[in-house]
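Residue numbering for the sequence shown follows this note's numbering, starting at -9 and increasing by one per position.
Every residue, glycine too, gets a C-beta built ideally from N, C-alpha and C.
Here is the structure we will look at, set down as structure tokens.
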Amino acid sequence: MADEPSNKIAKPKPSLSQEVGAKAIRKLKARRHSPAGVWFGLGMMGLIGWSVAIPTLLGAALGIWLDQHYPGDRSWTLALLVAGLAIGCFNAWHWVAKEDKAMREQQENHDE
-9 MADEPSNKIA
1 KPKPSLSQEV
11 GAKAIRKLKA
21 RRHSPAGVWF
31 GLGMMGLIGW
41 SVAIPTLLGA
51 ALGIWLDQHY
61 PGDRSWTLAL
71 LVAGLAIGCF
81 NAWHWVAKED
91 KAMREQQENH
101 DE
């Protein structure tokens, strides 16, 4: 039985340039779809923090200026601090939602 020819057809061996091309394509694909590291997460936390802190501080600064130049019964500082905080939180929420959508689309494209 060892002398019987096998019915399997041997595939032609790819050339060296085809092997190198396939390997290069795999490496480029791996670089594009590399998982986000620790630094990416820390950078994202910093970006979200600043997107909340800056409008809050600007609102407080404008409120202090208004309270000094136009004193009244109500505190402009407190009102604009809360408004700045709300704008900053909305800004951060919008940024995170956009990044989440982009990551989901990338994952769906990667799975296909």
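Asked, Found
"With 16 other Cβ atoms within 10 Å as the buried cut-off, status of L6", "exposed"
"Neighbourhood of L75 by C-beta, 8 Å cutoff - its chain only, sequence neighbours within 5 removed", "V42, P45, T46 and G49"
"8 Å contact criterion, which G53 and L68 should meet: CB distance rounded", "7 Å"
"D90 versus K3 - alpha carbon distance", "43 Å"
"Start-to-end residues for the alpha helix (DSSP H) that takes in D57", "V28 to H59"
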